[in-house]
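Chains A and B, in that order, give the protein sequences. Under the working numbering, the first residue of the first sequence is numbered 34, with each subsequent residue one higher. Under the working numbering, the first residue of the second sequence is numbered 34, with each subsequent residue one higher. No residue lacks a Cβ here, since even glycine has one placed at the ideal position from N, Cα and C. Below is one structure, written out as structure tokens; the observations come after it.
Protein chains: 2
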Amino acid sequence: MPQIIRPTDSEARTLARNLLAQARHGVLAVIDPDTGTPYAARIAIGQSPEGQPLTLISELAQHTRALHADPTCALLVGEPGPKGDPLTHPRLTLLARAEFVTRDSDLHAHLARHYLTTHPKSQLYIGFADFSFALFHPTGAHLNGGFGKAFRLTTADLTP
Amino acid sequence: MPQIIRPTDSEARTLARNLLAQARHGVLAVIDPDTGTPYAARIAIGQSPEGQPLTLISELAQHTRALHADPTCALLVGEPGPKGDPLTHPRLTLLARAEFVTRDSDLHAHLARHYLTTHPKSQLYIGFADFSFALFHPTGAHLNGGFGKAFRLTTADLTP
Chain A
34 MPQIIRPTDS
44 EARTLARNLL
54 AQARHGVLAV
64 IDPDTGTPYA
74 ARIAIGQSPE
84 GQPLTLISEL
94 AQHTRALHAD
104 PTCALLVGEP
114 GPKGDPLTHP
124 RLTLLARAEF
134 VTRDSDLHAH
144 LARHYLTTHP
154 KSQLYIGFAD
164 FSFALFHPTG
174 AHLNGGFGKA
184 FRLTTADLTP
Chain B
34 MPQIIRPTDS
44 EARTLARNLL
54 AQARHGVLAV
64 IDPDTGTPYA
74 ARIAIGQSPE
84 GQPLTLISEL
94 AQHTRALHAD
104 PTCALLVGEP
114 GPKGDPLTHP
124 RLTLLARAEF
134 VTRDSDLHAH
144 LARHYLTTHP
154 KSQLYIGFAD
164 FSFALFHPTG
174 AHLNGGFGKA
184 FRLTTADLTP
């Protein structure tokens, strides 16, 4: 789809914030520490009570090892529905740095309480010793609002 | 989801090949040439008549610029359906090198004829001067067949 960059407007900002707020899963792009090449994995996405994007991931996953080696990453959110052309469905590529949260901390407990309301099935594994939260600190974003509707967003655009 | 790597069996190979053969879109992970950091974008995915994965992308897109600068990439295929836990839905991370196909070539015409049967809506833009095919040459793959079902596949595993 052609990506002529449009001037960011309030509609684009609202769309981007909604895509982040509503995300329950997405695709993480990282650098594989073994090869130095790009790697992609589907991960769960949630939000802190304050609205910051986060994930709950296992230390056993390749992408978790990658984030420990280099926390610079991208996160694609905005899943196409079962109907219509998936490439016209709005999506956001968040550019971010991941920060792991110590499991035995007040912050972990704070995040876990909220996460269980948005991801009730995570009750099955949230207590496993290899699972922890990683918060995403945005550094920018690319919004694709559909055919020909591309925007470059700043971190200020992403926060109300 | 924990990712203890299992020995590759024929079930895993079949699942991986089916995910690739059935993909109509997916998520591409590349290195952003402007920043040197990971970047992710949803792209259309098709197959050559011989079964090789490919995409039809615009020169105007950031991820296309990235592939020209460094063709090493990853491609996540296997989209979760509207029902069930999306993280238990099988998906494949293909590690690959992208090779662009010259628009004015017999290979382009050969790919276009088949692509239009799997992506009929691309008729709207396949003729645009900025759109071309890129073939993905696999170098390996990570298969996640659901909770605890992780496999590392070779290129031989991916081809019947």
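query, result
"Taking only runs of the beta strand (DSSP E) that begin and end inside the region 87 to 134 of chain B, which ones reach a length of at least 3 residues, in chain order?", "105 to 110, 124 to 133"
"Which class does P153 of chain A belong to by DSSP, given the choice of helix, strand or coil?", "helix"
"Cα separation between L186 of chain B and I37 of chain A?", "38 Å"
"Could you check if D190 of chain A is buried or exposed, using at least 16 other CB atoms within 10 Å of its CB as the buried criterion?", "buried"
"For R75 of chain B, count neighbouring Cβ atoms within 10 angstroms of its own Cβ and tell me buried if that reaches 16, exposed if not.", "buried"
"In the DSSP assignment, find the alpha helix (DSSP H) that holds R185 of chain B and state where it starts and stops.", "Per DSSP, R185 of chain B belongs to no alpha helix (DSSP H); it is in the beta strand (DSSP E), 183 to 186."
"For R146 of chain B, count neighbouring Cβ atoms within 10 angstroms of its own Cβ and tell me buried if that reaches 16, exposed if not.", "exposed"
"By alpha-carbon positions, which one of A:H96, A:T105, A:L89, A:G69 ends up nearest to T68 of chain B?", "A:T105"
"Does any CB atom of chain A fall closer than 8 Å to the CB of Y148 of chain B?", "no"
"Chain A partners of V60 of chain B, CB-CB under 7 Å?", "V60, A73, L109"
"State yes or no: is the beta carbon of R124 of chain B nearer than 8 Å to at least one beta carbon in chain A?", "yes"
"Are P49 of chain B and L128 of chain B close, meaning C-beta to C-beta below 8 Å?", "For the sequence presented, residue 49 of chain B should be read as Ala rather than Pro. No. Outside cutoff."
"Which term fits L100 of chain B, buried or exposed, when burial requires 16 or more other beta carbons within 10 angstroms of its beta carbon?", "buried"
"Within 8 Å (strictly less), CB to CB, does T70 of chain A reach chain B?", "yes"
"Using beta carbons (cut-off 8 Å, strictly below), is D67 of chain A in contact with chain B?", "no"
"Please name the residue in B:S43, B:A54, B:L168 whose C-alpha comes closest to that of H143 of chain B.", "B:L168"
"Who are the neighbours of P82 of chain A on chain B, taking C-beta pairs under 7 Å?", "By Cβ distance, chain B contributes nothing, its closest Cβ being about 22 Å from P82 of chain A, past 7 Å."
"If you drop the 5 nearest sequence neighbours on each side, which residues of the same chain put their C-beta closer than 8 Å to that of S155 of chain A?", "A77, L89, Y148, L149"
"For a test of the three-state rule: what should DSSP assign to A162 of chain B, helix, strand or coil?", "coil"
"List the residues of chain A that P115 of chain B touches, going by C-beta distances under 9 Å, in chain order.", "G114, P115"
"Could you work out which residues of chain B lie near A54 of chain A, taking near to mean beta carbons separated by less than 7 Å?", "Residues of chain B passing the Cβ test: none, with the nearest at roughly 17 Å."
"L128 of chain A touches chain B at which residues, Cβ-Cβ below 7 Å?", "T70"
"I'd like to know if A77 of chain B contacts chain C, where contact means its C-beta is closer than 8 Å to some C-beta of that chain.", "In the structure shown, chain C cannot be found, because the protein chains are A and B."
"Using a C-beta to C-beta distance shorter than 7 Å, which residues of chain A count as neighbours of I64 of chain B?", "P71"
"In terms of residues, what are the limits of the alpha helix (DSSP H) holding A74 of chain A?", "Where A74 of chain A is concerned, there is no enclosing alpha helix (DSSP H), although the beta strand (DSSP E) it sits in stretches over 71 to 77."
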